[in-house]
Every structure is written in C-alpha cells, then in structure tokens.
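Below: the structure, in structure tokens.
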Amino acid sequence: MKIAVIVAICLILASFSFIPQQLVDKNSIALEIHEDTNSERIKAGLHELQYNPQLAKVAEGHSDDMAQRNYFDHVTPEGLEPVHRARNAGVKCEVGENIFTVELWGNRDRLAYRAMSGWMDSEEHKAKILHESYMQEGIGIAFNYWGVAYVTQNFC
C-alpha cells in the first residue's frame with residue numbers, strides 16, 4: 002500500500018511542468034541564441050555582436066525578476082526601464098532589449114529557436130537584432146516554478 006501511494010505521488014509530481022533552475026543549462030541556451038543572433042546579422046550584411054557578460058548579468062537579473070514576480074514587461078513594477086537597469090550595473094551605452102516568455106510544459110527543447118523565431122517574426126524585435134550600431138549583447142534566462150521561461154536579450 003505504501004509503495005502504491007509513493008508511486009502515485011511521484012506520478013502526480015512528474016505531471017507538473019516544474020523545471021528546477023539547476024537542471025537547465027541556461028548558458029548553452031544563451032549561447033545558442035547568441036549564435037543565432039549573429040547568423041541573422043551576418044545574413045543581413047552586419048557585423049557580429051560580441052558577448053558581454055556584464056550585459057548578460059543585467060539580462061539575467063531582469064529574467065529572474067520577471068519569473069519570481071510573475072510579470073512580463075520591459076519596465077519593472079517599480080518603473081525601472083532597461084537603460085536604468087544597465088546603468089545601475091555600470092553599463093553606459095544605448096541599450097536595447099528583447100524579452101520572450103513561453104510555457105514549456107516540461108519541454109525546454111528548442112527554447113532558443115522559439116525565442117529567435119518569435120523575435121524575427123516581429124518587426125520591432127527584429128529591428129533590435131539587426132540594429133547596425135549595436136556592438137555587444139548579453140542574454141539572461143530564468144524559469145519560474147511552473148516551468149514558464151523568461152528570456153531577456155540586451156544590446157549595447
């Protein structure tokens with residue numbers, strides 16, 4: 002009887018889309034987005050972006066904040082915009098930002114592809130990816146308890 006209860010509990014828990022942060026290789030997803038971004042830029046005749054760890058930290062902070070407080074916006078509930086978050090971290094440049102969210106339902110495969118497809122299908126987001134004056138980018142990814150992914154791409 003005890004084994005049946007334990008098995009039932011495990012099956013119930015397995016049906017939830019909970020994705021522990023430590024089980025996700027966020028760096029490889031960020032690298033894939035970075036490579037895809039540069040591929041799009043090269044196709045458009047633009048220079049590649051350098052990956053900036055400081056911008057990535059700003060992006061990850063925003064993704065974490067959105068995941069923890071369950072909102073999706075470029076502006077925090079306190080009114081901090083991307084330029085404010087970057088300046089608070091010591092980044093001084095023209096800042097651009099793309100954000101993306103999706104419910105993964107336990108499947109994090111192709112997250113980079115889904116984010117890039119969403120951005121490239123939007124003229125506003127595509128324009129940021131192909132903005133010729135940007136030289137650097139940083140990408141941050143977070144997941145909330147329910148398996149919702151939040152991706153932030155910052156440009157400088």
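Counting from 2, one number per residue, gives the positions in the sequence shown under this note's numbering. Positions of the beta carbon are idealized from the N, C-alpha and C atoms, including for glycine.
Per-residue burial, residue i [other beta carbons within 10 Å of its own, 16 or more giving buried]
i	result
Val42	In the sequence as presented, Val is not what sits at residue 42; that position holds Arg. When all chains shown are included, Arg42 counts as buried.
Val152	buried
Pro54	exposed
Lys27	buried
Under the three-state DSSP convention, the category residue i falls into
i	result
Gly139	strand
Gln23	Bear in mind that a pLDDT of 44 at Gln23, under 50, signals an unreliable position, so the model cannot answer this.
Gly97	strand
Ala165	The structure shown does not extend to residue 165, since the chain is modelled only from 2 to 157, so the question has no answer here.
Tyr114	helix
Val92	coil
Glu104	strand
Asn155	strand
Reference residue i; option with closest CA among the options
i	options	result
Glu104	Met121, Phe73, Thr77, Asp122	Phe73
Ser64	Arg86, Glu133, Glu125, His48	Arg86
His132	Ala60, Asn155, Ile30, Thr102	Asn155
Ser29	His48, Lys44, Gln69, Gly139	Gly139
Glu124	Gly46, Asn99, Gly80	Asn99
Tyr159	Asn71, Lys129, Arg111, Ala128	This structure cannot settle anything about residue 159, because the visible part of the chain is limited to 2 through 157.
Leu56	Tyr114, Ala116, Leu112, Gly97	Gly97
Residue i beta carbon near the ligand GDP (any heavy atom closer than 6 angstroms)
i	result
Leu32	For the structure depicted, the ligand GDP is absent and the ligand set is empty, with no information on it obtainable.
Residue-level contact to chain C via CB, residue i, 7 angstroms cutoff
i	result
Gly119	Absence of chain C from the displayed structure is noted, only one protein chain being present.
*the region 76-94 contacting the region 117-124, beta-carbon criterion three pairs below 8 angstroms*: Contact between the region 76-94 and the region 117-124 is absent: fewer than three C-beta pairs spanning the two stretches fall below 8 angstroms.
*Run through the region 27-68 for me and flag every whole beta strand (DSSP E) of 3 or more residues, listed as ranges in chain order.*
none
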